[in-house]
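Enquirer:
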Amino acid sequence: MPAFTLNRMDILTLLLVALLALAGLFQTITEPLLQFDRNAIAQGEWWRLISSQFIHYGVYHLLMNAAALVIINAALWRDAAVKHYLATLITCLAVTGIGLWFFDPELFFYAGLSGTLHGLIIAGLLLTLPQTPTINALALLVIWGKVIYEHTPWFDPQHALLPVPVAVDAHLWGAVAGTFAGLILLWIQRQVR
1 MPAFTLNRMD ILTLLLVALL ALAGLFQTIT EPLLQFDRNA IAQGEWWRLI
51 SSQFIHYGVY HLLMNAAALV IINAALWRDA AVKHYLATLI TCLAVTGIGL
101 WFFDPELFFY AGLSGTLHGL IIAGLLLTLP QTPTINALAL LVIWGKVIYE
151 HTPWFDPQHA LLPVPVAVDA HLWGAVAGTF AGLILLWIQR QVR
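Numbering-wise, full-length UniProt numbering puts 129 at position 129 of the sequence shown, and it's gapless, one number per residue.
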């Protein structure tokens with residue numbers, strides 16, 4: 001049986017999970033300093049557009065997003081170039097935060113990685129589309145269908161295990177960013193061949 005070895009993406013994933021766990025461990029300090037706070041951002045604390053995505057509203061929220069990050073990275077990004085992953089991650093973080101700032105003026109507080117996770121899933125599916133086109137195309141339809149459904153009157157953003165409503169606009173902006181980044185990566189991949 002071959003030995004399991006960690007590659008660069010595995011190590012990066014573990015570092016990101018450690019960062020999430022560290023922020024969660026010191027939540028009483030990190031939340032007021034890093035969460036999306038519209039008034040603080042308006043006063044120049046622009047880092048909150050991105051830092052808010054590394055903190056969470058409770059252990060369940062943190063564990064759910066950390067587990068999703070591990071699964072997404074293992075399933076879709078493990079063999080990807082680290083530079084492509086980091087470019088996608090930064091794009092999704094930035095577009096999610098900026099999208100919430102400009103297009104969701106009623107949102108005053110936000111925390112969590114779910115918007116960026118939506119982007120990472122979509123970009124990863126687009127990047128691996130040539131290997132498994134049918135499965136990836138169906139998965140893309142399901143994810144975009146979910147994002148669209150979340151913006152209908154039939155969706156209830158209240159979640160029994162979260163102390164705040166689901167911020168569906170974060171999912172939308174993450175999905176938009178992931179689609180953009182994934183299409184660029186797919187184009188780069190085709191140019192290299």
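Backbone N, C-alpha and C fix where the C-beta goes; we use that ideal spot for every residue, glycine too. What you are looking at is a predicted structure, and each value in this text was computed from that prediction instead of being measured.
(1) Give the straight-line distance between the Cα atoms of Asn39 and Phe108, rounded to the nearest whole angstrom.
(2) Let me know the secondary structure DSSP gives Asp169 once reduced to three states.
(3) Taking Cβ positions, are Ala181 and Gly119 nearer each other than 8 Å?
(4) From Leu141 to Gln131, what distance separates their C-alpha atoms?
(5) Identify the residues that DSSP records as bridge partners of Tyr110: which are they?
(6) Taking contact to mean at least 3 C-beta pairs separated by less than 8 Å, is the region 91–102 in contact with the region 58–75?
(7) Output the boundary residues of the alpha helix (DSSP H) element that contains Trp101.
(8) Kindly give me the distance between the Cβ atoms of Tyr57 and Ala111, rounded to whole angstroms, as I take these residues to be in contact under 8 Å.
(9) Based on Cα-Cα distance, which residue from Phe103, Met9, Leu86 lies nearest to Leu185?
(10) My output table needs one value for Tyr57: the three-state DSSP class, helix, strand or coil.
(11) Spell out whether any CB of chain C is found under 8 Å from the CB atom of Asn136.
(12) Flag this pair as yes or no: are the beta carbons of residue 194 and Gly124 separated by less than 8 Å?
Expert: Taking the coordinates as given:
(1) The straight-line gap separating the alpha-carbon atoms of Asn39 and Phe108 is approximately 7 Å.
(2) Three-state DSSP puts Asp169 in a helix.
(3) yes
(4) 17 Å
(5) Looking at the DSSP assignment, Tyr110 forms a beta bridge with Phe36.
(6) no
(7) 82–103
(8) 6 Å
(9) Leu86
(10) Looking at Tyr57 - three-state DSSP - the assignment turns out to be coil, as it is neither helix nor strand.
(11) Protein chains in the displayed structure number just one, and chain C is not present.
(12) The chain is shown only over 1 to 193; residue 194 falls outside these bounds and no answer can be derived.
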